[in-house]
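Numbering (my numbering), first residue to last: 95 to 160.
Note that the Cβ used here is the ideal one computed from N, Cα and C, for glycine as well.
Notes to accompany the following structure.
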Amino acid sequence: MKHPSCMSSKSKPSFIQITNNLRVCGDCHRATKMIAKIRQCEIVIRDANRIHHFHPNGQCSCQDHF
95 MKHPSCMSSK SKPSFIQITN NLRVCGDCHR ATKMIAKIRQ CEIVIRDANR
145 IHHFHPNGQC SCQDHF
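Written out as structure tokens, the structure is:
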């Protein structure tokens, strides 16, 4: 999975959408929460099991049940 952290620091999108054909692992889930909070943007990841909607406050719609 290509992670949003590789994006240039000059561009700050308010919304990032990622599609992944595998489950999101715990490390990627924690990293994405942190990136959403630091960059103050929404990140949506659709994986093999569910849709994860990470909010700018760092919370995920799955309530950390992934």
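### Query
Where do the N-terminal and C-terminal ends of the beta strand (DSSP E) with Ala-146 fall, by residue?
The question names Ala, yet the displayed sequence has His at residue 146. 145 to 148 is the span of the beta strand (DSSP E), which, as asked, contains His-146.
### Task
Leaving out five residues on either side along the sequence, give the residues of the same chain with a beta carbon under 8 Å from the beta carbon of Val-138.
Within the same chain, Val-138 has close Cβ partners Phe-109, Ile-110, Gln-111, Ile-112, Ile-145, His-146, His-147 and Phe-148.
### Query
By the 10 Å Cβ neighbour count, where 16 or more other Cβ atoms means buried, how is Asp-121 classified, buried or exposed?
exposed
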